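Each residue of the sequence shown is one higher than the last, beginning at 1 in full-length UniProt numbering.
Just so it is clear, CB atoms sit at the ideal spot from N, CA and C, and this is done for glycine as well.
All values reported here derive from a predicted model rather than from experimental measurement.
I have placed the structure first, in the form of structure tokens, so that the comments after it can refer back to it.
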Amino acid sequence: MTSFNNNLAAAYVAYQAEENFDSALQLVRRLRGACRVDDAIALVSQWPARTETPMQRAQLGIDMSYLGMFEHAEPLLEETLPQLAANAEAFYQLQLELAIVKYCLGKYHQAHPLLKALHEPEWCEVWTRLASPGRDNNWFLPFKDKVLHKQPVAGKSILVSGEGGAGDLLQLCRYMEKLRQEGATVVYCQVPQSLQGLMKNSGLDIVVVGDTADLMRDCDFITWPFALFTRYQHSPYFPCTAGAYLALAAGYALPDLVEEKLPLQTSGRQRIGLAWRSDSGVRHEPFRSIELNALLPLLENTSAEFFSLQVGDLSESEKVMMERHRIADLGAHLRSFEDTAHVMERLDLVISIDSAPAHLAGARNRPVWLMLPQASDYRWYDCQRHTPWYSSMRLYRQARLGDWQPVIAEMAAALSAGKPPA
Numbered sequence: 001m002t003s004f005n006n007n008l009a010a011a012y013v014a015y016q017a018e019e020n021f022d023s024a025l026q027l028v029r030r031l032r033g034a035c036r037v038d039d040a041i042a043l044v045s046q047w048p049a050r051t052e053t054p055m056q057r058a059q060l061g062i063d064m065s066y067l068g069m070f071e072h073a074e075p076l077l078e079e080t081l082p083q084l085a086a087n088a089e090a091f092y093q094l095q096l097e098l099a100i101v102k103y104c105l106g107k108y109h110q111a112h113p114l115l116k117a118l119h120e121p122e123w124c125e126v127w128t129r130l131a132s133p134g135r136d137n138n139w140f141l142p143f144k145d146k147v148l149h150k151q152p153v154a155g156k157s158i159l160v161s162g163e164g165g166a167g168d169l170l171q172l173c174r175y176m177e178k179l180r181q182e183g184a185t186v187v188y189c190q191v192p193q194s195l196q197g198l199m200k201n202s203g204l205d206i207v208v209v210g211d212t213a214d215l216m217r218d219c220d221f222i223t224w225p226f227a228l229f230t231r232y233q234h235s236p237y238f239p240c241t242a243g244a245y246l247a248l249a250a251g252y253a254l255p256d257l258v259e260e261k262l263p264l265q266t267s268g269r270q271r272i273g274l275a276w277r278s279d280s281g282v283r284h285e286p287f288r289s290i291e292l293n294a295l296l297p298l299l300e301n302t303s304a305e306f307f308s309l310q311v312g313d314l315s316e317s318e319k320v321m322m323e324r325h326r327i328a329d330l331g332a333h334l335r336s337f338e339d340t341a342h343v344m345e346r347l348d349l350v351i352s353i354d355s356a357p358a359h360l361a362g363a364r365n366r367p368v369w370l371m372l373p374q375a376s377d378y379r380w381y382d383c384q385r386h387t388p389w390y391s392s393m394r395l396y397r398q399a400r401l402g403d404w405q406p407v408i409a410e411m412a413a414a415l416s417a418g419k420p421p422a
């Protein structure tokens with residue numbers, strides 16, 4: 001934190017010494033990283049009239065989007081997109097950001113064609129270049145003619161290559177069935193180790209794989225989970241899933257320490273699982289995660305008992321909070337998402353930030369309350385409480401970026417009133 005504060009101070013000094021676009025943008029980003037939202041918004045709002053190039057205006061639009069200023073970002077991105085068409089990498093990033101902004105504004109039918117176009121083979125070459133270390137996408141170039149876009153898949157073998165995190169795959173694996181219904185002979189799905197057991201026992205008609213080097217050569221088509229979203233999701237509400245779309249293995253054995261902390265018999269109190277932090281560093285940080293102590297109004301509810309689903313190292317302050325409020329630490333003993341899924345079967349409710357546990361609960365049709373920052377991921381559109389993605393999920397969304405207090409107060413009131421989880 002000291003290093004971050006020093007960087008913010010240095011950015012402020014640089015801006016004071018030479019007030020130009022670059023120093024202003026650097027200061028905006030440091031303010032955002034320090035969660036000084038009002039200051040960041042005030043500064044970035046001064047610069048649209050002071051920009052000198054389309055690239056500067058485009059960059060302002062992107063930074064406004066990161067701050068949840070979608071209505072301000074949209075016209076800047078729309079204006080500069082055609083002006084930067086000759087720069088393939090800039091054009092790709094701008095069109096992607098414009099699609100994100102339009103999804104977040106509820107303009108689904110404007111957003112979706114923009115995103116779908118970016119999954120055409122020519123743009124796959126661009127995004128793989130942007131995503132590859134050193135921008136070296138030679139691993140992809142021999143197979144770019146195999147990119148699945150609009151082609152029929154009947155009688156074909158499909159590789160769904162890895163993209164995004166575990167939560168993305170848990171949400172978007174529903175489209176694997178669509179490939180099979182369309183006639184694909186086999187669907188190979190690249191799955192990280194932590195998800196492989198769950199996906200193998202999920203009931204989905206897929207072949208779970210880790211390494212894809214040989215399959216990229218041997219399969220007929222290559223695609224990615226988000227490309228399947230643009231292929232099959234024709235409206236915000238279809239296809240949707242009313243119940244669980246992932247099965248669980250029968251007779252599954254949880255670790256002994258989990259069994260000890262979460263026995264089958266219940267105390268009569270509501271059992272609630274918690275996931276409050278992510279270490280992935282995606283664009284929505286530092287606003288996606290939440291401090292455990294901010295959940296105090298929930299933890300004070302004596303009619304509930306709480307179980308941590310948080311994996312990875314815990315801070316000393318988190319350990320103190322967990323001990324003080326008797327939060328059972330299950331996360332330390334979870335070996336995989338398959339463990340987590342079976343744990344959720346014994347919980348009455350999961351309360352989570354926008355990360356893999358929330359998607360896992362939704363995919364299993366388990367009651368889940370999702371805490372969303374105001375500048376949330378575009379997949380949640382502009383929905384306020386219900387989401388077409390999961391019938392068992394309820395959204396609790398910030399009205400002001402970085403302000404969790406009203407969100408937590410609303411959930412605490414719902415728990416105290418004895419409202420059903422979902």
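Does residue i have its Cβ less than 9 angstroms from a Cβ in chain E?
i, result
"A9", "As a matter of chain content, chain E is missing from the structure shown, which is built from one protein chain."
Can you grab the Cα-Cα spacing for the pair residue i / residue j, in whole Å?
i, j, result
"Q93", "G268", "51 angstroms"
"G33", "I41", "12 angstroms"
"E163", "E316", "33 angstroms"
"T51", "S278", "35 angstroms"
"L114", "Q193", "33 angstroms"
"L228", "S303", "43 angstroms"
"D22", "P48", "13 angstroms"
"L77", "F238", "28 angstroms"
"L43", "Y396", "28 angstroms"
"V37", "N7", "17 angstroms"
"F221", "L246", "25 angstroms"
"A166", "R129", "22 angstroms"
"E285", "W369", "19 angstroms"
"S157", "C219", "5 angstroms"
Identify whether residue i lies in helix, strand or coil by the three-state DSSP scheme.
i, result
"T241", "coil"
"S22", "Before going further, note that residue 22 is Asp rather than Ser in the sequence given. D22 falls in the helix class under three-state DSSP."
"A249", "coil"
"Y12", "helix"
"A85", "coil"
"E305", "strand"
"S194", "helix"
"Q151", "coil"
"I41", "helix"
"Q265", "coil"
"T185", "coil"
"Y270", "Looking at the sequence itself, residue 270 is Gln, so the reference to Tyr does not match. Three-state DSSP puts Q270 in a strand."
"H386", "strand"
"I62", "helix"
"D256", "helix"
"D329", "strand"
Please report the residue range of the beta strand (DSSP E) in which residue i lies.
i, result
"S392", "Y390 to R397"
"M69", "Neither: M69 is in no beta strand (DSSP E) and is coded neither H nor E."
"I353", "L349 to I353"
"F140", "Here F140 belongs to no beta strand (DSSP E), and DSSP marks it neither H nor E."
"V208", "V207 to V209"
Could you spell out the range, first to last residue, of the alpha helix (DSSP H) harbouring residue i?
i, result
"F337", "F337 to M344"
"I408", "Q405 to S416"
"Y103", "A88 to C104"
"S315", "That residue, S315, is in no alpha helix (DSSP H); it is neither H nor E in DSSP."
"G155", "Premise fails: G155 is in no alpha helix (DSSP H) and is neither H nor E."
"G167", "A166 to L172"
"W276", "That residue, W276, is in no alpha helix (DSSP H); it is neither H nor E in DSSP."
"W369", "Here W369 belongs to no alpha helix (DSSP H); instead the beta strand (DSSP E) covers V368 to L372."
"F229", "P225 to Y232"
"G362", "A356 to A363"
"V126", "P121 to A131"
"Q110", "Y108 to A117"
Leaving out the 5 sequence neighbours to the left and right, which residues in its chain are closer than 6 angstroms to residue i when beta-carbon positions are compared?
i, result
"Y390", "G362"
"W404", "I290 and A294"
"S65", "A73, E97 and V101"
"S336", "S194 and G197"
"Y252", "H342"
Tell me which same chain residues have a C-beta within less than 7 angstroms of the C-beta of residue i, skipping the five on either side of it?
i, result
"Y12", "L27"
"F70", "V101, C104 and L105"
"P54", "T80, Q83 and L84"
"G155", "G183 and T185"
"P357", "A275, L309, T340 and V350"
"P297", "I408, A409 and A412"
"P236", "Y108, Y381 and P388"
Take residue i and list the residues in its own chain whose beta-carbon comes closer than 8 angstroms to its own, dropping the five residues that flank it on each side.
i, result
"E345", "L248, R364 and R366"
"E125", "N137, F140, L141 and K144"
"F91", "L81, L84 and A85"
"R135", "R129"
Taking 8 angstroms as the cut-off, does the segment 182-190 touch the segment 238-258 (at least 3 CB pairs, one atom from each stretch)? In short, these stretches do not touch, since the Cβ pair count stays below three.
For the pair the segment 112-128 and the segment 390-399, tell me if three or more CB-CB distances fall below 8 angstroms. no
Contact between the segment 306-316 and the segment 218-233 is defined here as three or more beta-carbon pairs at a separation below 8 angstroms; is this criterion met? Here the segment 306-316 does not lie against the segment 218-233, with fewer than 3 beta-carbon pairs under 8 angstroms apart.
Segment contact flag, the segment 198-212 with the segment 156-174, C-beta cutoff 8 angstroms, min 3 pairs: yes
Any contact between the segment 326-336 and the segment 259-267? By contact I mean 3 or more CB pairs, one from each, below 8 angstroms. yes
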